[in-house]
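Peer 1:
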Amino acid sequence: MRNLISSLALPALLSAAPAAADEDIQGWTGVVAQGAVKGDLYVWLEGQARFTDDIGQLGQFILRPAAGVRFAPDASAIAGYAYVQTRSSAGAITREHRPWQQVQFALVRNGAGKPVVTSRTRLEQRMVEGRNRTGWRLRQFVRAGVPISRSGVQAVVFSEGFFNLNSTDFGARSGVDQWRNFVGLGLPVGKKARLEPGYLNQRVFRPGEDRTNHVLNATLFVTL
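Here's what the structure looks like:
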């Protein structure tokens, strides 16, 4: 398991290592409520607020509901819609409508049968107001959470790659779009919630200089 954690954390070190000229310090907050309700009906409810420009303004707001089916313990297939509003540093506002589909399941479980490593594959169709082309993007996410205390505190790492499947008139280029890597803690908050604060490194790949965002990230996860 130690080797697995090291392999997941390696991309974070690589993405944080060489300095990109364009950098920003940001603060991201979010709430994700998910779980099976009424049998195997699976629901996902998510809201995010991202503060950009050295945490000086609300740069992005996301609402992301979805529903689907739990087809095995710790495995689900869902589809949903995301509304994304982004404000640039110059004040311009972009609104995006994003249908999405996702499969999530446990890759590794511990001796008690609880997930230790989770995989999430998501496909998005990005539609930006005022633009004509729909951008197709694939996201692959892998998370590992290892208990480090008897109280349920976990060491958490995750890595997520974003891959554009086509180019668009709103600036998306076919190929690797960005990579996110996170290192932090999982803190139990009651019986059905946990808070995961930590550091997230976001590398956005662009023509010329890439962009690196250093993010203070905290997400509250609630089990329905």
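Heads up: the sequence shown is residues -21 to -1, 1 to 203, going by mature numbering (1 follows the signal peptide of the UniProt record, and there is no 0).
Note that CB positions come from ideal geometry on N, CA and C, so glycine has one too.
Name the DSSP beta bridge partners of G114, please?
Peer 2: Counting from 1 along the sequence shown, the entry for residue 114 is found at position 135. Answer is R105.
Peer 1: Taking only three categories from DSSP, how would you classify D1?
Peer 2: Reading the sequence shown from its first residue, position 22 is the one you call residue 1. Strand, per DSSP.
Peer 1: Kindly indicate the opening and closing residues of the beta strand (DSSP E) around P78.
Peer 2: One-based indexing of the sequence shown puts residue 78 at position 99. It spans 72 to 88 - the beta strand (DSSP E) in which P78 sits, taken as one unbroken run.
Peer 1: Counting along the chain, where does the beta strand (DSSP E) carrying G163 start and finish?
Peer 2: To locate residue 163, count along the sequence shown from 1; it is residue 184. Counting along the chain, the beta strand (DSSP E) containing G163 begins and ends at 154 to 167.
Peer 1: Around the C-beta of V136, are 16 or more other C-beta atoms found within 10 angstroms, so that it is buried, or is it exposed?
Peer 2: Here the question's residue 136 lines up with position 157 in the sequence shown. Result: buried.
Peer 1: Spell out the partners DSSP gives I41 in its beta bridges.
Peer 2: On the sequence shown, position 62 is the one that residue 41 refers to. Per DSSP, Q27, V63.
Peer 1: Residue 244 by DSSP, collapsed to three states: which one?
Peer 2: Absent from the structure is residue 244, since the part of the chain shown begins at -21 and ends at 203.
Peer 1: Helix, strand or coil for residue 208, going by three-state DSSP, please let me know.
Peer 2: Any property of residue 208 remains undetermined from this structure, which presents the chain solely from -21 to 203.
Peer 1: Suppose contacts are defined by Cβ-Cβ distances below 9 Å. Is S6 in contact with V183 by that definition?
Peer 2: Along the sequence shown, one-based indexing puts residue 6 at 27. Along the sequence shown, one-based indexing puts residue 183 at 204. The sequence shown places Gly at residue 6, rather than the Ser named in the question. Their beta carbons are not under 9 Å apart, which means G6 does not touch V183 by this criterion.
Peer 1: Give the straight-line distance between the Cα atoms of V162 and R88, rounded to the nearest whole angstrom.
Peer 2: Here the question's residue 162 lines up with position 183 in the sequence shown. Here the question's residue 88 lines up with position 109 in the sequence shown. Going from the Cα of V162 to the Cα of R88 covers about 20 Å.
Peer 1: Given that a residue counts as buried once 16 or more other Cβ atoms are within 10 Å of its Cβ, and exposed if not, what is G131?
Peer 2: To locate residue 131, count along the sequence shown from 1; it is residue 152. Label assigned to G131: exposed.
Peer 1: So, do the stretch 107 to 126 and the stretch 135 to 152 have three or more beta carbon pairs nearer to each other than 8 Å?
Peer 2: Output reads yes: the stretch 135 to 152 touches the stretch 107 to 126.
Peer 1: Ordered along the chain, which non-local residues of its own chain (more than five positions away) have a Cβ less than 7 Å from that of R152?
Peer 2: Against the sequence shown, residue 152 aligns to sequence position 173. Result list for R152: N143, S146, in chain order.
Peer 1: Output needed for R43: all residues of its chain with C-beta closer than 6 Å, excluding positions within five of it in sequence on either side, in chain order.
Peer 2: Translated into the one-based positions of the sequence shown, residue 43 becomes position 64. Cβ neighbours of R43 beyond the five flanking positions: E25, A61.
Peer 1: On the DSSP letters alone, give me the boundaries of the beta strand (DSSP E) that F200 sits inside.
Peer 2: Here the question's residue 200 lines up with position 221 in the sequence shown. Counting along the chain, the beta strand (DSSP E) containing F200 begins and ends at 190 to 202.
Peer 1: What does a CB cutoff of less than 6 Å around R49 pick up in its chain, not counting 5 residues either side in sequence?
Peer 2: Residue 49 sits at position 70 when you count from the first residue of the sequence shown. Taken in chain order, the residues that qualify are A15, D19, Y21, S55.
Peer 1: Rounded to the nearest angstrom, how far is the Cβ of A123 from that of V95, given a contact under 8 Å?
Peer 2: Here residue 123 refers to the residue found at position 144 of the sequence shown. Here residue 95 refers to the residue found at position 116 of the sequence shown. Correct: roughly 6 Å between the Cβ atoms.
Peer 1: Would you mind sorting V107 into buried or exposed? The rule is 16 or more other CB atoms within 10 Å of its CB.
Peer 2: Within the sequence shown, the letter at position 128 stands for residue 107. The residue is buried, with at least 16 neighbouring Cβ atoms inside 10 Å.
Peer 1: Specify the secondary structure class of F149 as computed by DSSP and reduced to three states.
Peer 2: Here residue 149 corresponds to residue number 170 of the sequence shown, with the count starting at 1. In this structure, F149 counts as coil in the three-state DSSP scheme.
Peer 1: In terms of DSSP beta bridges, what is R99 paired with?
Peer 2: As a first step, residue 99 must be located in the sequence shown, where it is residue number 120. Beta-bridge pairing links R99 to Q83, F120.
Peer 1: Closer than 6 Å by C-beta to N192: which residues in its own chain qualify, once you throw out the five before and the five after it? Chain order, please.
Peer 2: Locating residue 192 in the sequence shown gives position 213, where the first residue counts as 1. For N192, where only same-chain residues beyond five positions count, the Cβ hits under 6 Å are D3, Q5, Q181.
Peer 1: For G177, list the residues DSSP reports as bridge partners.
Peer 2: Here residue 177 is taken as the residue at index 198 of the sequence shown, counted from 1. Paired residue(s): G163, N196.
Peer 1: Examine chain C for any beta-carbon lying closer than 9 Å to the beta-carbon of F84, and answer yes or no.
Peer 2: The displayed structure is made up of one protein chain only, and chain C is not part of it.
Peer 1: Would you report the Cα separation of R77 and F40, rounded to the nearest angstrom?
Peer 2: Locating residue 77 in the sequence shown gives position 98, where the first residue counts as 1. Locating residue 40 in the sequence shown gives position 61, where the first residue counts as 1. Going by the C-alpha atoms only, they are around 13 Å apart.
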